[in-house]
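Chemist:
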Amino acid sequence: MKASAVACANQGLVKYWGKTDERLRLPTNDSISVCLDGLTTHTTVEFGRAHARDEFVLNGRPSPDPRIPRHLDLIRSLAHSELRARVESRNGFPASVGMASSASGFAALTVAATAAAGMHPDPKELSRIARRGSGSASRSIPGGFAELRAGRDDERTYAARLAGPDDLDFRTLIASVATTPKKVGSSEGMRITSETSPMFASRMSYLPGALTRMKEALRSRDPAKVAHLAEIDTLSMHACMLTSDPPLIYWTGGTIDVIREVIALREAGRRAFFSIDAGQNVFVNCPAVDAEPVRERLASLRSVTSVLLSRPGGPAKLVEEHLF
Ligand code: DP6
């Protein structure tokens, strides 16, 4: 059977960085995110006897990513199936944006593969399965502004929506800067940070208050407040990364250029705030009315290669259009 799905990537607003169980991908802390409608992945999955082994094609090229067959194994075990699959994925944004998103990828794969395997999971179960592929992918299932609760076990660890995509006049400008070839992946980076950073414990004690403040800002539909709190959380997470041993320095000169420009924009009266995940590119969050002037300024920076405007995105969903 064949099925296709589209899912958005998401940006951590109160970020997930640390696991209590690596195999089950149980996070150390609750996290909150916003889906990005500018960054989507479209995936088609077909299980069948015609496929001798799992095959994965990403953006037109065969990809050896071992996490894909592992995720298909999980879905096969849940569906009591032995059939191999052909999987084809396409990102709905230019490669120059430099965002290889495991969140949109595993959310779309989960929705398409469970349907292709004949399962009918509810959103909670979909979010749990997506989490096993990549923790942040669980938050792309409900879409909008979502919270992943750090439960004690698999059953209790899934994401749910806190606000819909249209509930806040919130915009994100995704500023890409020149890429650097070497990057420590999230799983390894989280392990290094939680084992070695002297600031990790202090982040853990700051988080409950940060989560409460973020939920209040979402409830009061205040985009500038949400953006400001995400900047504060970014610096907390990167303080832990920077003080890990070995240090995790995801920022480049271009990253710093964008940070400085955002601060200058604020001094000039714009409500714009930066947010950075485990990479060099910068999300600049702002209320919708500030988006265009902020975009212009970011695009004028020499170290910025592209600026993509994104609105809050919707849930991962099945679509009729198949990629093969
Ligand atoms: C920095 O979901 O990529 O973007 O579960 O190991 O696949 P794994 O990690 P991943 O981690 C994302 C971390 C982050 C912050 C966030 O999105 O909350």
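Residue numbers for the sequence shown follow our numbering, beginning at 7 and rising by one. From the three backbone atoms N, C-alpha and C, an ideal C-beta is built for every residue, glycine too.
Could you tell me whether the region 194 to 207 touches the region 146 to 156, where touching means 3 or more Cβ pairs closer than 8 Å?
Modeler: Result no; under three Cβ-Cβ pairs closer than 8 Å.
Chemist: Among A9, S211 and R227, which residue has its Cα nearest to the Cα of D239?
Modeler: The residue with the shortest Cα to Cα distance from D239 is S211.
Chemist: Locate the beta strand (DSSP E) running through G44, then write down its first and last residues.
Modeler: Looking at the DSSP string, the run of the beta strand (DSSP E) that includes G44 is S37 to F53.
Chemist: Does any heavy atom of the ligand SAM sit closer than 6 Å to the C-beta of S142?
Modeler: Among the ligands modelled here, namely the ligand DP6, the ligand SAM does not occur.
Chemist: Along the chain, which unbroken stretches of the beta strand (DSSP E) at least 3 residues long are found entirely within the region 110 to 173?
Modeler: DSSP runs (the beta strand (DSSP E)) wholly in the region 110 to 173: 151 to 154 and 165 to 169.
Chemist: Relative to the C-alpha of K8, which candidate in R31, H57, G259 and A270 has its C-alpha closest?
Modeler: Ranking the options by Cα distance to K8, first place goes to H57.
Chemist: Given a cut-off of 7 Å, decide if A181 and V288 are closer than it, judged by their beta-carbon atoms.
Modeler: Taking 7 Å as the Cβ cut-off, V288 and A181 qualify as a contacting pair.
Chemist: Taking Cβ to Cβ, would you say T120 is nearer than 7 Å to I81?
Modeler: Yes. Within cutoff.
Chemist: May I ask you to report which of helix, strand or coil DSSP gives F206?
Modeler: It is helical.
Chemist: Report all residues from its chain with a CB closer than 7 Å to the CB of D160; omit the five preceding and five following residues, and keep chain order.
Modeler: Closer than 7 Å at the Cβ level, and outside the excluded window around D160, lie L30 and R134.
Chemist: Would the C-beta of A236 count as close to the ligand DP6, meaning under 6 Å from any of its heavy atoms?
Modeler: No - the ligand DP6 has no heavy atom lying nearer than 6 Å to the Cβ of A236.
Chemist: Would you report the Cα separation of R167 and F151, rounded to the nearest angstrom?
Modeler: Approximately 6 Å between the Cα atoms of the pair.
Chemist: Using the Cβ count rule (16 or more neighbours within 10 Å means buried), how would you classify P33?
Modeler: With 16 or more other Cβ atoms within 10 Å, it is buried.
Chemist: Using 7 Å as the threshold, is the C-beta distance between A322 and A13 below it?
Modeler: For A322 and A13, yes; Cβs fall inside 7 Å.
Chemist: By the three-class DSSP mapping on this structure, what secondary structure does V232 have?
Modeler: V232: helix per DSSP, three-state reduction.
Chemist: Measure the CB-CB distance between G24 and S312 and report whether it falls below 7 Å.
Modeler: Cβ distance not < 7 Å, so G24 and S312 don't count as in contact.
Chemist: With respect to the alpha helix (DSSP H) encompassing V268, which residues constitute its N-terminal and C-terminal limits?
Modeler: Here the alpha helix (DSSP H) through V268 covers G259 to E273.
Chemist: For R92, report the span of its beta strand (DSSP E) as first-last.
Modeler: Residues A91 to N97.
Chemist: Going by Cα to Cα distance, which pick from M105, A114 and H77 is closest to L329?
Modeler: Ranking M105, A114 and H77 by Cα distance to L329 puts A114 first.
Chemist: When every heavy atom of the ligand DP6 is checked, does at least one fall within less than 6 Å of the C-beta of S37?
Modeler: The answer is yes for S37.
Chemist: Return yes when the C-beta of S108 is under 6 Å from any heavy atom of the ligand DP6, and no when it is not.
Modeler: Because some heavy atom of the ligand DP6 lies under 6 Å away, the Cβ of S108 counts as near it: yes.
Chemist: Tell me the rounded alpha-carbon separation between T218 and R162.
Modeler: Their Cα atoms are separated by approximately 20 Å.
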